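Chemist:
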Amino acid sequence: MSAKKITMRVTRYRPEQEDAPTEQAYELEFPDDWVVLDALNYIKDDVDGTLTFRWSCRMGICGSCGMMVNGEPKLTCAAFLRDYYPAEIRVEPLQYFPIIRDLVIDMTDFLHKLKAITPWIVRDEEKPLAEGEYLQTPAQLADYKQFSMCINCMLCYSACPVYGHEPEFIGPAAIALAHRYNLDSRDEGQEARQQVIASSEGIWDCTLVGECTEVCPKRVDPAMAIQRTKVATTTEWAKSMLMPWGKQ
Amino acid sequence: MDVPKHDVLIVGGGGAGLRAAIAAVEADEHITVGVVSKVYPMRSHTVSAEGGTAAAVREDNTDSHAYDTIKGSDFLADQDAVEIFVKESIDEVIQLEHWGCPWSRDPDGLMSVRTFGGMSVDRTLFCSDKTGFHMLHTLYQTALKYDRIAWYDEWFVTSLLKDDGKICGVTALNVRSGAIDAIPAKAVILCTGGAGKLFAFTTNASIKTGDGMALTYRAGGPLKDMEFVQYHPTGLPGTGILITEASRSEGGHMINREGDRYLSAYTPERMELGPRDMLSRAFIQEMRANRVFEGPYGEYVHLDIRHLGEELIMERLPFVRELATEYVGIDPVYEPIPVRPVVHYMMGGIHTDANAKTPVDGLYAAGEAACVSMNGANRLGSNSLSEIIVFGARSGKAAVEYASEQEFPEANTLSQMAQAEKKRIEEQFLKPRNGNERVATIRRDLQLAMEQGAGIYRTEEEMKTACEAIRKLLKRYEQVEVDDKSSVFNTDLIAALELGYMLDVAEALAHSALLREESRGSHAREDFTTRDDERFLQHSLAYQTPEGPRIEYLPVSITRWQPEERKY
Ligand SMILES: Cc1cc2nc3c(=O)[nH]c(=O)nc-3n(C[C@H](O)[C@H](O)[C@H](O)COP(=O)(O)OP(=O)(O)OC[C@H]3O[C@@H](n4cnc5c(N)ncnc54)[C@H](O)[C@@H]3O)c2cc1C
Ligand code: SF4
Ligand code: FES
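Sequences listed follow chains A and B, in order.
With positions in the first sequence counted from 1, the corresponding number in this note's numbering is that position plus 2.
With positions in the second sequence counted from 1, the corresponding number in this note's numbering is that position plus 5.
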């Protein structure tokens, strides 16, 4: 395997010593099978231990390593250097999130949003364990399975123009997760979730351009979830306005 | 001190820790529980588990599951613990189903099961091939509904606090701010996962550095059966990314360079579904006989799933296809996947009883960090995901019961201890000290020593060399200098602290291995090639002393199954 040379321009931000993010360039040689994350680890281990970023699984499933690579939100453990070579690579923290340090963003807001949509099974009554599982056919599973594949990498937020100017927007992944539970044959919590989403700032600004779906590394299709939720919300809303007695 | 205190504090937000947290809040409506995790809980390595979760649901019986587990363990598992495990795993997987886990289903709507290595009937539930991912997210999302669980996300535990011989909390580094505080608790449960990062070539994430094991060891608790390290037979060369055993459950073949399904010479009855220790040794034998392929990342064999067809692969093994395509550029629908054995799982860990209690008062442990022991000398695939929920839940209940009889520790004592810990870390790492060692260099040397001394086959000489190498590395570690002296999100400091944990765990492991003069399960010695029940039907217990580990032994609990020869 031949080694090639590439330049990486990486965002640096050390809140204890500077007011605003800057950029630092590193030149490095890389074997053909290195991903951006391997390069960052090489820098951290052998060149500059102060470079700061999150990662864990290195197999595209833990959701920690999302960053902007040449302006696009990417999982850096799945972004191969060879695909950018010979051009320079710009690595920045996920956009629209506050930066804590270097490539590490603040995800507290995302976690609040996740919790806000009641991401658990809601039922009036739970059957005892001794009676076994709830039956769910493969077709019923398929109804929501895709929307349960979200790894919380937040790439879709960084791609979302609405979130970019309206940080209150509950956002693609949270809506996809709400949709996942709403579609689950075991769940009865749709109403509460629908209300949270319908009252979320920004949802009506979403023009369904689908950037979120495009960047999603796990094919969750949040755009579809948003669209279906909007339709459901408007019909629910219409129903409740026209026939208030029909609800309950 | 502005950090609140908790009746029960759980270190670890993986499957075991989250299950423990839910069990604890459900056991007593008056208590609060803290979950401390060095990464956001859904990043924990349970997320990467692929193949499935064993439980004797459907037309199965618990005795058969128990026997398979015990035989798989090469008779080193404690049979009373295994009996508890096989019974409780059934309710635990159903509980997860009630919480929304998207288990794959049969046409009639029941949860599907697939076959797995060393299991004599189909009893492994699965969510296609992202089982751990779905279990973890289900547990995390369910746990969010309890307001009595407090989340310490991205807090790194640096030590256990003890008062009057009892554990009374932990000290932790708030990664975001850099502050080091005590978190007081009446009981602590360690659910910190495994230690695969002791080895360079592993399926484990960067976070699996054996922290909880080292914390216990330093607090005077023993580490049990540390010599047993599971090599998984099918990792991708180079990265070590796992290709799940489910690819063999679904019918995949292992093929050598001659084009043979070579396992017929090793596990003729079970073929590709023999236990992992035997399959990994078979690879080495094939390698020695020159029947493997050579590649840029060492020798490999082929895992061929082409005959399963695209439809089944997409339904049952989509992640395998995704991983092989992304990372080695091979689409397994059309080409065989190159694979080689890779370090995967620690059978050993913190010594606990079946209630997850350690010998240190107030300290509990569950999940891969713990050793109950139900895995003995070799874990069967898919037993770990059920182990983390069964013993996670048990640890939560047991800790609550214990905590109900305890008082909170004195605030003063604790803040003094926190001050002392802060000082230790500052002096050792954050003050400039002209150290001449880098974290990454020592880590690489450690991984090399482990690979050479604690591999699939072991000899006295190699293990002795490893023990000596680790001692030297411990000395060099005293000279370690981190580049980063700042407070906010200092991952350089965390890596240094993790390396300290790894060195301690490695030393316990290497010494336990050296003293076990027999071959059992994953511990295969070229100088003692057979199992020796006379001397070693016992668990090893490693205690830390200034001179190095002291190893003691503890008899195995045998209830109904006498040791017999292990054949597949
Ligand atoms: C690739 C792969 C595939 C697998 N597939 C299967 C399978 O199909 N079936 C099966 O049964 N088993 C499988 N296993 C094994 C199984 O997944 C693990 O043994 C199990 O998930 C471990 O869970 P845990 O909760 O004990 O630990 P983890 O999920 O590893 O969680 C550990 C937690 O501890 C926290 N922590 C650690 N140290 C500290 C510290 N110092 N301070 C604060 N927090 C800390 C971490 O943040 C994390 O939250 C697989 C393992 C791997 C690696
Ligand atoms: S929907 Fe896709 S892009 Fe968005 S957080 Fe989930 S996995 Fe990431
Ligand atoms: S490191 Fe886990 S998704 Fe990239």
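Even glycine gets a Cβ: it sits at the ideal position worked out from N, Cα and C.
Small disclaimer: the values here were computed from a predicted structure and weren't measured.
Please indicate yes or no: does the CB of C158 (chain A) lie closer than 7 Å to some heavy atom of ligand 2?
Modeler: It does: the Cβ of C158 (chain A) is within 7 Å (strictly closer) of some heavy atom of ligand 2.
Chemist: Give a single yes or no on whether K117 (chain A) has its beta carbon closer than 7 Å to a heavy atom of ligand 2.
Modeler: False, no ligand heavy atom lies under 7 Å from that Cβ.
Chemist: Mind pulling the chain B residues with CB within less than 7 Å of T237 (chain A)?
Modeler: Chain B residues near T237 (chain A): none, gap ~25 Å exceeds 7 Å.
Chemist: Does ligand 3 have even one heavy atom less than 7 Å from the beta-carbon of W104 (chain B)?
Modeler: No, the beta carbon of W104 (chain B) sits no closer than 7 Å to any heavy atom of ligand 3.
Chemist: What residue range is occupied by the uninterrupted beta strand (DSSP E) comprising G354 (chain B)?
Modeler: Note, G354 (chain B): beta strand (DSSP E), 354-356.
Chemist: Name the DSSP bridge partner or partners of H167 (chain A)?
Modeler: Answer by DSSP bridge pairing: none, since H167 (chain A) is not bridged.
Chemist: Counting pairs of Cβ atoms below 8 Å between the stretch 488-500 of chain B and the stretch 457-475 of chain B, do you hit three or more?
Modeler: These segments do not touch.
Chemist: May I ask which residues mark the beginning and end of the alpha helix (DSSP H) holding Y482 (chain B)?
Modeler: It spans 465-482 - the alpha helix (DSSP H) in which Y482 (chain B) sits, taken as one unbroken run.
Chemist: In chain order, what residues place their C-beta within less than 6 Å of a heavy atom belonging to ligand 3?
Modeler: Working through the chain, the matches are A:W57, A:S58, A:C59, A:R60, A:G62, A:I63, A:C64, A:G65, A:S66, A:C67, A:L77, A:C79.
Chemist: Report the neighbours of T13 (chain A) on chain B: residues whose CB is nearer than 7 Å to its CB, in chain order.
Modeler: Neighbours of T13 (chain A) on chain B: none; closest Cβ ~14 Å, over 7 Å.
Chemist: In the DSSP assignment, the beta strand (DSSP E) including V16 (chain B) goes from what residue to what residue?
Modeler: It spans 11-16 - the beta strand (DSSP E) in which V16 (chain B) sits, taken as one unbroken run.
Chemist: Any residues in the stretch 141-160 of chain A with a beta carbon nearer than 7 Å to a beta carbon of chain B? Which ones, in chain order?
Modeler: Within the stretch 141-160 of chain A, the qualifying residues are L143, K147, S150, N154.
Chemist: Taking 8 Å as the cut-off, decide whether the C-beta atoms of S545 (chain B) and S562 (chain B) are in contact.
Modeler: Not closer than 8 Å, so no.
Chemist: Give the interface partners of I107 (chain A) over in chain B, defined as CB-CB distance under 7 Å, in chain order.
Modeler: In chain order: nothing, as chain B lies at least about 11 Å away.
Chemist: Checking contacts by CB at 8 Å: is E94 (chain A) closer than that to chain B?
Modeler: Taking Cβ atoms only, chain B never reaches closer than 8 Å to E94 (chain A), which makes this a no.
Chemist: V222 (chain A): buried (16+ other C-beta within 10 angstroms of its C-beta) or exposed?
Modeler: With 16 or more Cβ atoms within 10 Å of its Cβ, V222 (chain A) is classed as buried.
Chemist: Distance cutoff 8 Å, beta carbons only. Does L131 (chain A) sit that close to anything in chain B?
Modeler: So, interface residue.
Chemist: According to DSSP, T13 (chain A) sits in a beta bridge with which residue or residues?
Modeler: DSSP lists A:E25 as partners of T13 (chain A).
Chemist: Can you check DSSP and say which residues form a bridge with E557 (chain B)?
Modeler: Per DSSP, B:L546.
Chemist: Going by the beta-carbon positions, is the gap between E277 (chain B) and M292 (chain B) smaller than 8 Å?
Modeler: No.
Chemist: Using CA coordinates, which residue listed in B:G553, B:D65, B:I75, B:N495 is at the minimum distance from A515 (chain B)?
Modeler: With distances taken between Cα atoms, A515 (chain B) lies closest to B:G553.
Chemist: Starting from N179 (chain B), trace the beta strand (DSSP E) in both directions and tell me its first and last residue.
Modeler: Residues 171-179.
Chemist: Could you work out which residue in A:D189, A:L113, A:A89 is closest to G173 (chain A) when comparing CA atoms only?
Modeler: Residue A:L113 is the option with its Cα nearest to G173 (chain A).
Chemist: What residues from chain B crowd round L137 (chain A), counting only those whose CB sits closer than 9 Å?
Modeler: R110, D113, G114, L115, listed in chain order.
Chemist: Say whether chain B places a C-beta atom closer than 8 Å to the C-beta of A194 (chain A).
Modeler: Not an interface residue.
Chemist: Rounded to whole angstroms, what's the CA-CA distance from R48 (chain B) to G65 (chain A)? Just pull it up for me.
Modeler: About 7 Å.
Chemist: Please state the DSSP three-state secondary structure of C214 (chain A).
Modeler: Reduced to three states, the DSSP call for C214 (chain A) is helix.
Chemist: Taking only runs that begin and end inside the stretch 341-418 of chain B, name each unbroken beta strand (DSSP E) of 3 or more residues, in chain order.
Modeler: Here the runs fully enclosed are 342-351, 354-356, 368-370.
Chemist: For D168 (chain B), does the three-state DSSP call read helix, strand or coil?
Modeler: In the structure shown, D168 (chain B) sits in a strand (DSSP, three-state: E or B).
Chemist: Given 7 Å as the limit, tell me if T120 (chain B) has its C-beta closer than that to any heavy atom belonging to ligand 1.
Modeler: No.
Chemist: I'd like to know whether the C-beta of E128 (chain A) is nearer than 8 Å to at least one C-beta of chain B.
Modeler: So, interface residue.
Chemist: For a contact defined as C-beta to C-beta under 9 Å, what are the partners of D186 (chain A) on chain B?
Modeler: Within 9 Å Cβ-Cβ: G105, P107.
Chemist: Looking at chain A, is there any beta carbon in it that lies within less than 8 Å of the beta carbon of V13 (chain B)?
Modeler: By this cut-off, V13 (chain B) is not an interface position.
Chemist: Give me the Cβ distance between V38 (chain A) and V93 (chain A), rounded to the nearest whole Å; I'm assuming they're in contact under 8 Å.
Modeler: 6 Å between Cβ atoms; contact.
Chemist: Assuming A25 (chain B) contacts P227 (chain B) (C-beta within less than 8 Å), just tell me the rounded distance between them.
Modeler: Contact flag wrong, Cβ pair sits at about 21 Å.
Chemist: Pick out the complete beta strand (DSSP E) segments inside the stretch 60-102 of chain A, 3 residues or longer, and give them in chain order.
Modeler: Complete beta strand (DSSP E) runs here, min 3: 68-71, 74-77, 91-94.
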